[in-house]
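Enquirer: Residue numbers (my numbering), protein chains in the order written: chain D, 8 to 192; chain L, 137 to 433.
Got a structure for you, written out below as structure tokens; questions coming shortly.
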């Protein structure tokens, strides 16, 4: 098990920041472990979700933001559904990704690359263009073999459009992203 | 009863990887006399990548569509996709609950949002507004002898405070509709377990384990098919079933339907309208077995 020296690395403002952005009271967590027991990703997490909660309570910003777990969380909301203290844990995990993104901590680069390719596609076309998204993901990661075996299954069925769907509001969507960037500069 | 009518948000995957869900949803609703009025020029809700990036951005991408629906004069938006449902509902609920949040969202939009319509899944209105009885009356080809497990996925009924529909631990809406169509619904303990969601591309290894578990359980229970209501669940279980088999050394050949396809089949709708040829695992052996096994029993 990873050990953390609590006094060396404490950042007291971190929990407050996450509480404010997620609108969740993290001090209510009493470590019952329901979230971890429910989480389908515990087997793949480097830090189980209940431990992420505890690390936040002790101000361990870096340990939390450099974890894989915050990127691998699939937002299935099992934790939120079963938390006896009504903490929206999935929303907290979401906020941790927001903070990690802003502060440049990205342990799972491929997951972020997929998210980014998806959002770029929405920004460009207004709706997701699935083939374009995959091409962009491969370009970002260099993983040209990703899901190559699925192409022959899908293309003959005519399920993947080779061109994006044109919508009139395309520019309105691009403006949403542009204003978002300006607001967060 | 007056005709049921709603604003309709199809979602991006309905134009591509889940086009059979979109086709069969429309065909089924038409047959059941439910009017789906597509939101003109709807755009992407942003799905998981948007809410994983920022909640205001996510709410703005969803909010544009809520605004367009309100402009149509509709007070309820339907969507077949649980991911769209989550985003649209989250956006609506947070904007209704906080003027400050709503203001931040409106700052990103061309047209500020006024009225916020309600959002429901197509499954919810089929179950609550029409009901299994309403479906049963129209069944002409019962799914007799077809053994199915119903797989709801993570977010169709969860978290309960947001979704306000069915049960978060043991949902039964799809079960009842399938039973109304004559199918035998097996008790499936993994109804709301995660399939691996959108990590299929970036972390396929995780999805193979999670989706594999679902297929293993369905097979062990003796199901002829899995019934789903989510484009991402269906894709992981059907399109990726070959990958799951290679990764886990299994040999599943389980058809994975959208519940709308099976209901449409029971209502006698033409195959072409149900998009059965779009499924990867051939569904025809299971469908051809309908009615026969019961005779043998």
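All C-beta atoms, glycine included, are put in the ideal place defined by N, C-alpha and C.
1. Give the C-beta separation of residue 13 of chain D and residue 92 of chain D to the nearest angstrom, bearing in mind that I take them to be a contact with Cβ-Cβ under 8 Å.
2. Does the beta-carbon of residue 192 of chain D have 16 or more other beta-carbons within 10 angstroms, so that it is buried, or is it exposed?
3. Considering only the alpha carbon of each residue, which of L/390, L/148 and L/216 lies closest to residue 128 of chain D?
4. What residue does the alpha helix (DSSP H) around residue 83 of chain D start on, and which one ends it?
5. Any idea what DSSP makes of residue 327 of chain L, helix, strand or coil?
6. In the structure shown, what three-state DSSP assignment does residue 217 of chain L receive?
7. Rounded to a whole number of angstroms, what is the C-alpha to C-alpha distance between residue 230 of chain L and residue 108 of chain D?
8. Would residue 72 of chain D pass as a contact of residue 103 of chain D if the rule is Cβ separation under 8 Å?
9. Verify whether the separation of the beta carbon atoms of residue 257 of chain L and residue 223 of chain L is less than 8 Å.
10. One question on the structure: do residue 132 of chain D and residue 171 of chain D come within less than 8 Å of each other, judged by their Cβ atoms?
11. Could you give the DSSP three-state label for residue 21 of chain D: helix, strand or coil?
12. Which two residues bound the contiguous alpha helix (DSSP H) that contains residue 144 of chain L?
13. Does residue 152 of chain D pass the burial test, meaning 16 or more other C-beta atoms within 10 Å, or should it be called exposed?
14. So if DSSP puts residue 115 of chain L in a beta bridge, which residue, or which two residues, is it bridged to?
15. Ignore the nearest five residues each way along the sequence and tell me which others in residue 98 of chain D's own chain have a CB closer than 8 Å to its CB.
16. Alpha carbon to alpha carbon, how far is residue 244 of chain L from residue 213 of chain L? Give it in angstroms, no decimals.
17. Quick one: which chain D residues come within Cβ less than 9 Å of residue 310 of chain L?
18. Over what stretch of residues does the alpha helix (DSSP H) that includes residue 118 of chain D continue unbroken?
19. Who are the near neighbours of residue 433 of chain L in its chain, counting only those whose CB is closer than 8 Å to its CB and skipping five residues on each side?
20. Take residue 381 of chain L and list the residues in its own chain whose beta-carbon comes closer than 7 Å to its own, dropping the five residues that flank it on each side.
21. Please report how far the alpha carbon of residue 431 of chain L lies from the alpha carbon of residue 326 of chain L, in whole angstroms.
22. By the criterion of Cβ-Cβ separation under 8 Å, what are the contact partners of residue 122 of chain D in chain L?
23. Does the Cβ of residue 414 of chain L have 16 or more other Cβ atoms within 10 Å, making it buried, or fewer, making it exposed?
24. Within 8 Å (strictly less), CB to CB, does residue 131 of chain D reach chain L?
25. Is there a Cβ from chain D that is less than 8 Å from the Cβ of residue 225 of chain L?
26. Would you call the stretch 139-154 of chain L in contact with the stretch 142-158 of chain D, where contact means no fewer than 3 C-beta pairs closer than 8 Å?
27. Would you say residue 161 of chain L and residue 396 of chain L are within 8 Å of each other, going by their C-beta atoms?
28. If we call anything under 8 Å between Cβ atoms a contact, is residue 259 of chain L one with residue 361 of chain L?
29. Could you tell me whether any Cβ in chain D is nearer than 8 Å to the Cβ of residue 264 of chain L?
30. Please list the terminal residues of the continuous beta strand (DSSP E) segment that includes residue 171 of chain L.
31. Please work out which residues of its chain come closer than 7 Å, Cβ to Cβ, to residue 27 of chain D, disregarding the five sequence neighbours upstream and downstream, and give them in chain order.
32. Do residue 379 of chain L and residue 344 of chain L count as a contact pair if the criterion is CB distance below 8 Å?
33. So what does DSSP say about residue 69 of chain D, is it helix, strand or coil?
34. Out of D/106, D/169 and D/168, point me to the one whose CA is closest to residue 23 of chain D's CA.
35. To the nearest angstrom, how far is the alpha carbon of residue 197 of chain L from that of residue 253 of chain L?
Expert: Judging by the given coordinates:
1. Not confirmed; about 23 Å, so no contact.
2. exposed
3. L/148
4. Neither: residue 83 of chain D is in no alpha helix (DSSP H) and is coded neither H nor E.
5. coil
6. coil
7. 22 Å
8. yes
9. no
10. yes
11. helix
12. Residue 144 of chain L -> not in any alpha helix (DSSP H); beta strand (DSSP E) instead, spanning 140-144.
13. exposed
14. Any property of residue 115 of chain L remains undetermined from this structure, which presents chain L solely from 137 to 433.
15. 29, 30, 31 and 87
16. 22 Å
17. In chain order: nothing, as chain D lies at least about 18 Å away.
18. 116-132
19. Any reading at residue 433 of chain L must be qualified, since the residue scores a pLDDT of 42, below 50, and its modelled position is unreliable; no value is offered.
20. 387 and 388
21. Low confidence applies here, because residue 431 of chain L scores a pLDDT of 49, under 50, leaving its location unreliable and the question unanswered by this model.
22. 184, 185, 188 and 189
23. buried
24. no
25. no
26. no
27. yes
28. no
29. no
30. 170-174
31. none
32. yes
33. helix
34. D/106
35. 15 Å
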